[in-house]
Structure formats: C-alpha cells, structure tokens
C-alpha cells in the first residue's frame with residue numbers, strides 16, 4: 001500500500017516534525033511505500049502561475065511527481081501548524097498546484113467549473129494532524145474551527161476521500177515534555193487504528 005506524508009513547518013525542531021517522524025515510523029513498520037515530503041526543507045515553490053492553471057498545462061517535474069504520488073496513495077497524512085486559522089502559505093500553494101483537475105477531481109463534460117465535481121483520489125483515508133497555540137474552547141467558540149471545514153469538506157471530500165480524521169494538538173507553546181510524549185503516543189494509536197481498519 002502507498003501513503004503520502006506532507007509536512008509543512010519551517011523548523012526541523014518543531015513538534016510538527018516530531019509528529020511527521022512518528023507517522024513515518026508507524027507506516028514503515030507496516031511496510032508501506034511512503035512518499036514523504038517536508039515542503040520547507042525541499043524548498044517547494046508555492047506560487048501558482050497563470051500558465052499552470054489550465055488542466056492540460058505543462059507542469060514542473062516536481063509537481064508531476066507530487067501529483068502521481070498523490071494519485072497512487074491509499075492514505076494521505078497532512079501535518080501543519082494552525083496559522084491564522086489556515087495552513088502555512090507553502091501548504092496552500094501545494095494544494096493549489098497538486099490537487100489539480102484530472103488528478104484530484106473532475107467536472108462533468110460541458111461543465112466549466114460551476115457544478116459539483118467528481119473526486120478522483122483513491123485514498124481510503126485523509127488524516128490531518130495540526131498544532132495550535134489557541135485554546136480549544138476559543139478555537140471552537142470564537143473561530144468555529146475553520147481548519148476542520150477546510151480539510152474535511154473543501155479538500156478531502158471534494159476530492160473523493162470520504163474517510164477523514166483530524167486532531168489538533170495544543171497549546172504547544174506551553175506544553176511539557178510529558179504532554180508532547182503523550183501526544184505522540186496518541187498519533188501512534190491513531191495511525192495504528194486506521195491501519196487496522198484498512
């Protein structure tokens with residue numbers, strides 16, 4: 001089976017990186033073919049240019065690789081911090097460039113983009129691990145948890161991935177080593193549970 005892990009955090013010492021490494025280790029034990037990408041470390045260019053937008057446009061080799069890997073993936077793991085209720089810009093650019101028509105979704109013939117698309121991704125699960133420095137009660141009551149809507153409905157469901165799991169860990173900035181250790185154990189338990197259901 002195939003899995004994609006997409007990490008978007010600028011610091012190699014971040015808790016996001018620790019989450020990604022934990023997911024990687026769990027999948028390696030299950031003998032997955034793994035596509036692991038640290039967008040910052042790879043220097044991914046998030047800027048979508050006008051000539052890249054058409055469905056049949058020529059893409060860079062890097063974007064082509066991301067697209068083919070995503071199309072093959074049975075599981076997609078996304079790991080990033082919550083910045084202003086959104087993913088970091090580098091990850092938003094990855095979404096714009098890689099979740100392309102013909103790869104992640106398709107509109108019916110004659111539909112110019114105003115209708116409801118058909119999701120094309122074959123992934124059985126979309127899993128998102130976030131970190132935050134906002135208390136959960138404030139995130140829910142004041143902001144309405146925009147990342148849940150974004151990833152579950154606007155991205156994964158839109159692209160045909162109906163099984164979705166997301167967990168937000170926080171408050172990271174004041175967390176203790178024991179808390180972070182417990183959170184990583186929760187990541188392991190989540191990944192292992194999903195593997196059982198596969």
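In the UniProt record's numbering, the protein residues as written are 1 to 198.
Note that beta-carbon positions come from the ideal geometry of N, C-alpha and C, so glycine has one too.
All of these numbers come straight from a predicted model, not from anything done at the bench.
Inside the segment 33 to 83, DSSP marks whole beta strand (DSSP E) runs of 3 or more residues at positions 33 to 38, 75 to 81, from first to last along the chain.
Annotation: the continuous alpha helix (DSSP H) that includes residue 89 extends over 89 to 98. Taking C-beta atoms as the reference points, residue 35 and residue 69 count as a pair closer than 8 Å. Proximity to residue 150 across 82, 178, 169, 118 peaks at 82, based on C-alpha coordinates. CA-CA distance, residue 54 to residue 176, rounds to 48 Å.
Residue 77 sits close to residue 23, with the two beta carbons spaced by under 8 Å.
In the structure shown, residue 3 adopts extended strand secondary structure according to DSSP, grouped into three states. Rounded to the nearest angstrom, the gap between the Cα atoms of residue 181 and residue 29 is 20 Å. Burial state of residue 118 is exposed, judged by a 10 Å Cβ sphere holding fewer than 16 other Cβ atoms. Inter-residue distance for residue 72 and residue 170 is about 32 Å (C-alpha atoms, whole angstroms).
Between residue 167 and residue 190, the gap from beta carbon to beta carbon is short of 8 Å. No residue range can be given for residue 158, since it is assigned to no beta strand (DSSP E) and is classified by DSSP as neither H nor E. DSSP, reduced to helix, strand and coil, places residue 176 outside both helices and strands of the structure shown, so it counts as coil. Residue 98 and residue 88 have their C-alpha atoms spaced approximately 16 Å apart.
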